[in-house]
Amino acid sequence: MARSPDLHEWFHPCTVRVTLASGVCGTGFLAAPGYVVTCEHVVREAGSEAITLGWQGQEGFTQAELVRVLPDYDLALLRFSPPEHGDLPWVWLDADLRVGDRLYTFGYPERDYDQG
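The sequence shown begins at 20 in the working numbering and counts up by one.
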């Protein structure tokens with residue numbers, strides 16, 4: 020029987036570090052080809068600032084633009100140009116999530132865990 024990957028193996032490759040030119044940083048996840056979902060509070064002060072995505076240890080992986088914010092839900096959607104060399108992984112979203120379900124998170128807090 021093949022060993023199934025743990026959640027870290029599944030979600031870590033889908034996680035990005037979101038950094039503003041001002042130094043504000045936070046976490047986002049690859050939600051579809053060319054799209055990242057992050058918290059609105061991470062990009063709230065972005066204005067026309069560059070939004071840089073770091074991925075798999077590449078701090079300047081790509082630049083992103085703010086597409087939409089939903090402040091009431093603390094969500095923001097970013098768009099970027101995916102690399103031409105292949106598909107990136109993304110998190111499959113599921114409508115069956117319910118209050119009380121067990122969840123797993125992986126993030127890039129501003130201090131203590133630079134590598135997530």
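Idealized CB from N, CA, C, for every residue including glycine.
The structure presented is a predicted model; accordingly, all values stated were derived computationally and were not measured.
Check: Should R36 go down as buried or exposed, given a rule of 16 or more other Cβ atoms within 10 Å for buried?
Finding: In summary, R36 is buried, with 16 or more beta-carbon neighbours lying within 10 Å of its beta-carbon over all protein chains present.
Next item on the list: Can you give me the Cβ contacts of F80 inside the same chain, cut-off strictly under 6 Å, excluding the 5 residues immediately before and after it?
Entry: If we look at F80 and ignore the five residues flanking it on each side, its Cβ neighbours are L72, G73, W74.
Note to self: Less than 8 Å separating the Cβ of S67 from some heavy atom of the ligand ADP?
What the structure shows: This structure lacks the ligand ADP, and indeed carries no ligand of any kind.
Checklist line | Own chain partners of H60 with C-beta closer than 7 Å, once the 5 adjacent residues on each side are dropped | finding: Excluding sequence neighbours, H60 sits near D93.
Next item on the list: Give the DSSP bridge partners of Y54, in chain order.
Entry: According to DSSP, residue pairing for Y54 in a beta bridge involves A51, R98.
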